[in-house]
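There are 2 protein chains.
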Amino acid sequence: MIDYPGFSFEVTARDPKSGARTGRLTTPHGTIETPNYIFCGTKATVKNLSPSQLKEARTDIVLSNTYHLMLQPGADLVEKMGGLHKFMGWSGPLLTDSGGFQVFSLGEGTMANEIKGRSGKGHDNRNLLEITEEGCVFRSYLDGQVIRLTPESAMDIQRKLGADLLMQFDECTPYHVDRDYTARSMEMSLRWGDRCLAHFEKNHGGRQALYGIVQGGVYTDLRRTSAEYTADRPFFGTAIGGCLGGTDEEMADVVRGSAPYIHPGRPVHFLGIGRIRDVFTFVRMGIDTFDCVIPTRLARHGTAFMRGVRGETVNLKNARYRDDASPLDETLGLPASAQFSKAYIHHLLKANENLASQILAQHNVATINRLMREVRGAIPKGRLDALEKEWLGL
Amino acid sequence: MIDYPGFSFEVTARDPKSGARTGRLTTPHGTIETPNYIFCGTKATVKNLSPSQLKEARTDIVLSNTYHLMLQPGADLVEKMGGLHKFMGWSGPLLTDSGGFQVFSLGEGTMANEIKGRSGKGHDNRNLLEITEEGCVFRSYLDGQVIRLTPESAMDIQRKLGADLLMQFDECTPYHVDRDYTARSMEMSLRWGDRCLAHFEKNHGGRQALYGIVQGGVYTDLRRTSAEYTADRPFFGTAIGGCLGGTDEEMADVVRGSAPYIHPGRPVHFLGIGRIRDVFTFVRMGIDTFDCVIPTRLARHGTAFMRGVRGETVNLKNARYRDDASPLDETLGLPASAQFSKAYIHHLLKANENLASQILAQHNVATINRLMREVRGAIPKGRLDALEKEWLGL
Numbered sequence: 242m243i244d245y246p247g248f249s250f251e252v253t254a255r256d257p258k259s260g261a262r263t264g265r266l267t268t269p270h271g272t273i274e275t276p277n278y279i280f281c282g283t284k285a286t287v288k289n290l291s292p293s294q295l296k297e298a299r300t301d302i303v304l305s306n307t308y309h310l311m312l313q314p315g316a317d318l319v320e321k322m323g324g325l326h327k328f329m330g331w332s333g334p335l336l337t338d339s340g341g342f343q344v345f346s347l348g349e350g351t352m353a354n355e356i357k358g359r360s361g362k363g364h365d366n367r368n369l370l371e372i373t374e375e376g377c378v379f380r381s382y383l384d385g386q387v388i389r390l391t392p393e394s395a396m397d398i399q400r401k402l403g404a405d406l407l408m409q410f411d412e413c414t415p416y417h418v419d420r421d422y423t424a425r426s427m428e429m430s431l432r433w434g435d436r437c438l439a440h441f442e443k444n445h446g447g448r449q450a451l452y453g454i455v456q457g458g459v460y461t462d463l464r465r466t467s468a469e470y471t472a473d474r475p476f477f478g479t480a481i482g483g484c485l486g487g488t489d490e491e492m493a494d495v496v497r498g499s500a501p502y503i504h505p506g507r508p509v510h511f512l513g514i515g516r517i518r519d520v521f522t523f524v525r526m527g528i529d530t531f532d533c534v535i536p537t538r539l540a541r542h543g544t545a546f547m548r549g550v551r552g553e554t555v556n557l558k559n560a561r562y563r564d565d566a567s568p569l570d571e572t573l574g575l576p577a578s579a580q581f582s583k584a585y586i587h588h589l590l591k592a593n594e595n596l597a598s599q600i601l602a603q604h605n606v607a608t609i610n611r612l613m614r615e616v617r618g619a620i621p622k623g624r625l626d627a628l629e630k631e632w633l634g635l
Numbered sequence: 242m243i244d245y246p247g248f249s250f251e252v253t254a255r256d257p258k259s260g261a262r263t264g265r266l267t268t269p270h271g272t273i274e275t276p277n278y279i280f281c282g283t284k285a286t287v288k289n290l291s292p293s294q295l296k297e298a299r300t301d302i303v304l305s306n307t308y309h310l311m312l313q314p315g316a317d318l319v320e321k322m323g324g325l326h327k328f329m330g331w332s333g334p335l336l337t338d339s340g341g342f343q344v345f346s347l348g349e350g351t352m353a354n355e356i357k358g359r360s361g362k363g364h365d366n367r368n369l370l371e372i373t374e375e376g377c378v379f380r381s382y383l384d385g386q387v388i389r390l391t392p393e394s395a396m397d398i399q400r401k402l403g404a405d406l407l408m409q410f411d412e413c414t415p416y417h418v419d420r421d422y423t424a425r426s427m428e429m430s431l432r433w434g435d436r437c438l439a440h441f442e443k444n445h446g447g448r449q450a451l452y453g454i455v456q457g458g459v460y461t462d463l464r465r466t467s468a469e470y471t472a473d474r475p476f477f478g479t480a481i482g483g484c485l486g487g488t489d490e491e492m493a494d495v496v497r498g499s500a501p502y503i504h505p506g507r508p509v510h511f512l513g514i515g516r517i518r519d520v521f522t523f524v525r526m527g528i529d530t531f532d533c534v535i536p537t538r539l540a541r542h543g544t545a546f547m548r549g550v551r552g553e554t555v556n557l558k559n560a561r562y563r564d565d566a567s568p569l570d571e572t573l574g575l576p577a578s579a580q581f582s583k584a585y586i587h588h589l590l591k592a593n594e595n596l597a598s599q600i601l602a603q604h605n606v607a608t609i610n611r612l613m614r615e616v617r618g619a620i621p622k623g624r625l626d627a628l629e630k631e632w633l634g635l
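If you read the sequences in order, they're chains A and B.
Count along the first sequence from 1, then add 241; that gives the number in our numbering.
Count along the second sequence from 1, then add 241; that gives the number in our numbering.
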């Protein structure tokens, strides 16, 4: 048994019609209500947004990526600067992943879609030099340096970074690998999980909590084995990772098949998934937290999340917005979403002015935070179906 | 005589030791104290900064560029959207230039240094098709469209944009042209000034004021002729434009030679000049307002203006800042300059994260605004020399 002082998770209400639940997740850097959304601050910054802009958008929690930070500026430097909270100026709860996902996805996120089954391309992982029981060896995408990452070093790096919520090191298998490879990989990830727990237990400073990760690809029986094994181990939380299939339906089937075997008293995080429709689908299966780069990535491409719009988003680059004097969303309670016209944002995008990314990133983050607040409000009342229709314009 | 209702300029104090003066410049969008600095919002946005970030940095006034806006999104669109103040969300005083500078500098600012005499390159103005007494014809850098700009159309465009302070249309001659060309060009600019005044008088809506521009290259007698002519015409203010020489000394000589002939009761704007050392040099010659892109341009290259640093700036990309836990400047009163360490900004720059530009742009704007406040405080006390030493680390 590992003690997680300063951490707790309690379920506060349940949807009478589905597996959705609301909860309260407490960390040494504050308590957040769940379901909630963890915004990606890959390189110790949520792209184009300062911590004060994140707070103005009512953000509760962010994450940062171990893989990127270990390469630049390095975990030792972040530790020397007082840890990630202080370094990036974020005083609220913070999560780091284990680095595995990026190592196995070529280090630049380019394989992310492939791992999620969204591409037919092969697993062209040129920077990954070796995967063994010990761990993996890869080449830095920055300078070609050869780097070894093991369950133990992933724990050490995350300890130095100092986030509240940590992830075990796991192998993240892509879509195209067969059942046999997926089974062997999942089993190795379980053993890596045990090594992470053992190393964490020896070294943790009492201010961090560790999540186990459920793997098993698209194979429901493997997911079940992984979920049960993870539930048996003294992790604080559970994450769902790896390949989940090539379609929304397959992804839903995989999660639906794993959910019953996940520890019911622990917070459940869904790694890397987070469109508006995904939030509605997966809170019903008991997901407590989501993360995805899309709120800020879409912003950089001129796209805004919108409540009540079929397809979730509008693209401000579209010529129809050229002379649209209306603001993005006056009902959001965010100054940037109320004070600039769509025509102005359209102009900034045409002129390649970065202020557009800043406005849209803050708008998207605020819109997703509003979504999560409304989802939390709807769950105890059994109103998720009605809310989903309102949000998705159905 | 043209009436400029809602506008006024009064000198409030004079430096006992130089030609420096403090003043109060009133526009329909507010009053600013002078000397002051006008930050460049080229394409209707000060790069990387929202209006609220500008205000937090204590900005009083910004400018936008007619040339860029006439091409994208177009003056008619800006007018339809309620004018530039409303379009860009800036409620304070606003200036637009006439478009001439960019037309004559290739349209992308690449010739700016050449015009200022800072480069030996020839005047490779491929987009400028024709300069005649009527005006000029050039090719849009965006889509190759052939566009005619005349004194009258420059006034019409600026009327539609709706800034408070407008500039006459002038020819901006580069460094290498000879005295003869410079003289003929200056004389044409004076005639263009008269046409601007005539057109302005017929069409203005009573909420804008027009500046004449003193040209004449590096030739003091031509500058004097231009200054006297401009002083004789019913402009609201005077701007100093064009080529001022190849060195700081030459630039100072040219302005020193023109200053006595500039109308003493009108605000004097120095176009496109604005390093910290320039502010000290030229307020002593009676300059009331400056503008320059360098506060935000330097920010994009990792460079911060710093009070008391020899050379004015530090470059945060420098490896010495890798583990520097100190903030940029805790004394500035700007949250961003106090809350992020130099090490963090160094990391953001290495990681190509745009938040670095945002932090540094706001820091640089706030630092220049502090400079101008301190300059205004020093002038009545005859303390400019002492203040200059403090700022430039002398």
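C-beta atoms are modelled at their ideal positions from N, C-alpha and C, and glycine is treated no differently.
None of the values given here were measured: they were computed from a predicted structure.
Restricted to the segment 384 to 455 of chain A, the alpha helix (DSSP H) segments that are unbroken, complete and at least 4 residues in length are 392 to 402, 420 to 444, listed in chain order.
Taken in chain order, the complete alpha helix (DSSP H) segments of 4 or more residues contained in the segment 499 to 557 of chain A are 517 to 524, 535 to 541. Relative to the Cα of D519 (chain B), the nearest Cα in the group B:E297, B:R464, B:A579, B:G552 belongs to B:G552. Against Q313 (chain A), the close residues of chain B are H588, K591, A592, in the order they occur along the chain (beta-carbon pairs closer than 8 Å). Around the Cβ of V387 (chain A), a 10 Å sphere holds fewer than 16 other Cβ atoms; the residue is exposed. Interface flag for N368 (chain A) against chain B is unset, since no Cβ pair is found closer than 8 Å. H326 (chain B) and V606 (chain B) have their C-alpha atoms some 19 Å from each other.
Chain-ordered listing is empty here: chain B has no CB closer than 8 Å to the CB of M492 (chain A), the nearest sitting near 31 Å. For C281 (chain B), DSSP records a beta bridge to B:L304.
The Cβ of D564 (chain A) sits closer than 8 Å to at least one Cβ of chain B.
Around T286 (chain B), the beta-carbon contacts reaching into chain A at under 7 Å are L589, E594, L596.
G478 (chain A) has A:Y452 as its beta-bridge partners, per DSSP. The alpha-carbon of N593 (chain B) is positioned some 43 Å away from that of D462 (chain A). N277 (chain B) and A602 (chain B) do not touch by the CB rule: their CB atoms are close to 18 Å apart, not below 8 Å.
A Cβ-Cβ separation of about 5 Å places Q409 (chain B) in contact with G434 (chain B) under the 8 Å criterion. T272 (chain B) places its beta carbon 8 Å or farther from that of G264 (chain B). Taking all protein chains shown into account, N306 (chain A) has 16 or more neighbouring C-beta atoms within 10 Å of its C-beta and is therefore buried. For G271 (chain A), the uninterrupted beta strand (DSSP E) run begins and ends at 271 to 275, by DSSP. N559 (chain B) is outside the set of residues whose beta carbon lies under 8 Å from a beta carbon in chain A. P508 (chain A) counts as buried, since at least 16 other C-beta atoms from the protein chains shown sit within 10 angstroms of its C-beta.
Apart from the 5 residues on each side of it in sequence, R548 (chain A) sits with its Cβ closer than 6 Å to the Cβ of W632 in its chain, given in chain order. In the DSSP assignment, the residues bridged to L266 (chain A) are A:F250, A:I273. Here the segment 579 to 594 of chain A lies against the segment 555 to 564 of chain A, with 3 or more beta-carbon pairs under 8 Å apart. As computed with DSSP, C377 (chain A) is found in a beta bridge with A:I372, A:L390. Taking each of B:A395, B:K321, B:G330 in turn and checking the Cα distance to V344 (chain B), the smallest one comes out for B:A395. With distances taken between CA atoms, L512 (chain B) lies nearest to B:Q456 out of B:P501, B:Q456, B:P505, B:D489.
Secondary structure note for L335 (chain A): its beta strand (DSSP E) is the uninterrupted segment 335 to 337. For E594 (chain A), there is no enclosing alpha helix (DSSP H), since its DSSP letter is neither H nor E. A residue is called buried once 16 or more other Cβ atoms fall within 10 Å of its Cβ, and G498 (chain A) is buried on that count.
In the assembly as shown, A404 (chain A) is a buried residue. Its beta-carbon has 16 or more other beta-carbons within 10 Å. The C-alpha of Y470 (chain B) is placed about 13 Å away from the C-alpha of A424 (chain B). In this structure, DSSP gives S578 (chain B) a helical state, which the three-state scheme calls helix.
Here N610 (chain A) is buried, its C-beta having at least 16 other C-beta atoms within 10 Å. For R255 (chain A), DSSP records a beta bridge to A:R262. Contact between K401 (chain A) and A316 (chain A) holds: CB atoms are separated by about 4 Å, below the 8 Å threshold. Check the Cα spacing between Y452 (chain A) and each of A:D473, A:T544, A:L575: the tightest is with A:D473.
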